[in-house]
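Engineer: The structure's right below; bear with me while I get my questions together.
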Amino acid sequence: MVSAPAELPIGWPDTIQIVFHPSPAPPTFENRYTLEGREQTLHTASQPITLEVIPEAWQTAPLIHLGPVLGETPEQLVDAFPGALLGVTPQGWMRAWNEPLPGPVLYRSWQPTPRVLERIDALVLSIEDVLGNEALVADYARHCALVALTRGAQGSTLFLHGVPHHIPAFPAIERDPTGAGDVFAAALLVRLRETGDPLDAARFASYVAARSVEGAGISRIPARGEIEQGLTMQDRIKEAALGSEQGLPL
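Just so we're aligned: the sequence shown equals residues 119 to 368 in the working numbering.
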């Protein structure tokens, strides 16, 4: 669901339903990537999305992803879907700004209660979201069973019941990193619901995110068949490399 008006990206699949929540303007950012990290300027904000405006059929969906961009998705919505596998990308709850716009996006520390974190099945955020504060992420992981901390080309850390696991990144030729974290989160949640295996889901998500940064927008997000073929190929490359190191016939 999108707080809008907004335009869908070119090539958006017509099999994915979108509902627009009336708003004078969509949230509009300007991203600049520098050696020191991403700089964001906010041009317009949007209206909040509450449970009352979410289609009734969606309220019983088996998988829910709350992905606030500017806090337009209230934190209270974590309690609105008791039967769903609930994923959250909280970066929009970590953003603040001053009027009038346009103006810089400011960092705001997100301090959810333990009960909120316990309700979240999978929390996904980037090292940039927390300004490098890994201790804060580890604190989230004390109460949330699955926390994924993405690090771009350095891979990610998956905390399972507080225990960290390194997930390597897949090689990629980066052309547009915008949205890679959201792609990672969506792929992780879909695969997690399919398999129930967090480590498998994180590897799956890492591959999808790597492919997504190789083109603008959604143009390089792979289809399911491409993902399966790509992961199989990566497994073969890894096996061949191990065999070569051990002096085994290839």
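Think of the CB as a built atom: it goes at the ideal place given N, C-alpha and C, for glycine as much as any other residue.
Keep in mind it's a predicted model, so treat the numbers as computed, not measured.
The beta strand (DSSP E) with LEU264 in it runs from where to where?
Structural biologist: Taking the first residue of the sequence shown as position 1, residue 264 is located at position 146. Start and end: 264-268.
Engineer: On the CB-based measure, 16 or more other CB atoms within 10 Å of its CB, does SER337 come out buried or exposed?
Structural biologist: If you number the sequence shown from 1, residue 337 lands on position 219. Label assigned to SER337: exposed.
Engineer: Quick one: what does DSSP say THR146 is sitting in, helix, strand or coil?
Structural biologist: For this step, residue 146 is matched to residue 28 along the sequence shown. Strand, per DSSP.
Engineer: Could you spell out where the beta strand (DSSP E) holding PHE302 opens and where it closes?
Structural biologist: On the sequence shown, position 184 is the one that residue 302 refers to. Not the beta strand (DSSP E): PHE302 falls in the alpha helix (DSSP H), residues 298-313.
Engineer: Mind checking who VAL242 pairs with in its DSSP beta bridge?
Structural biologist: Working through the sequence shown from its first residue, we reach residue 242 at position 124. The partner list for VAL242 (beta bridge, DSSP) reads ALA266.
Engineer: Output the distance between the C-alpha atoms of GLU332 and GLY299, rounded to the nearest integer angstrom.
Structural biologist: Working through the sequence shown from its first residue, we reach residue 332 at position 214. Working through the sequence shown from its first residue, we reach residue 299 at position 181. Their Cα atoms are separated by approximately 14 Å.
Engineer: Should THR207 go down as buried or exposed, given a rule of 16 or more other Cβ atoms within 10 Å for buried?
Structural biologist: As a first step, residue 207 is located in the sequence shown; it is residue number 89 there, counting from the start. Flag for THR207 reads buried.
Engineer: So, under 8 Å CB-CB, LEU264 and LEU254 are touching, yes? Tell me the CB distance rounded to an integer number of Å.
Structural biologist: As a first step, residue 264 must be located in the sequence shown, where it is residue number 146. As a first step, residue 254 must be located in the sequence shown, where it is residue number 136. Contact doesn't hold; Cβ gap of about 16 Å is too wide.
Engineer: Kindly indicate which three-state DSSP category LEU203 falls into: helix, strand or coil?
Structural biologist: Residue numbering aside, residue 203 sits at position 85 when the sequence shown is read from its first letter. When DSSP states are grouped into helix, strand and coil, LEU203 belongs to the strand group.
Engineer: Between which two residues does the alpha helix (DSSP H) containing GLU236 stretch?
Structural biologist: In the sequence shown, counting from the first residue as 1, residue 236 sits at position 118. Unbroken alpha helix (DSSP H) run through GLU236: 232-237.
Engineer: Is it true that the stretch 310-321 meets the stretch 291-298, where meeting means three or more beta-carbon pairs spaced less than 8 Å apart?
Structural biologist: no
Engineer: Can you name the residues that DSSP bridges to ALA214?
Structural biologist: As a first step, residue 214 must be located in the sequence shown, where it is residue number 96. Bridge partners of ALA214: LEU224.
Engineer: Under three-state DSSP, which class holds PRO282?
Structural biologist: What you label residue 282 is simply residue 164 of the sequence shown in a count that begins at 1. Looking at PRO282 - three-state DSSP - the assignment turns out to be strand.
Engineer: Have a look at GLN135 and VAL223 and give me their C-alpha separation to the nearest angstrom.
Structural biologist: Reading the sequence shown from its first residue, position 17 is the one you call residue 135. Reading the sequence shown from its first residue, position 105 is the one you call residue 223. Answer to the nearest angstrom: the Cα atoms are 30 Å apart.
Engineer: Return helix, strand or coil for GLN194, following the three-state DSSP convention.
Structural biologist: For the purposes of this step, residue 194 is taken as residue 76 along the sequence shown, with counting starting at 1. Here GLN194 sits in helix by DSSP.
Engineer: If we ignore side chains and look at the alpha-carbon of each, how far apart do GLN347 and ILE182 end up?
Structural biologist: As a working mapping, residue 347 is identified with position 229 in the sequence shown. As a working mapping, residue 182 is identified with position 64 in the sequence shown. Linking GLN347 to ILE182 through their CA atoms gives a straight-line distance of about 27 Å.
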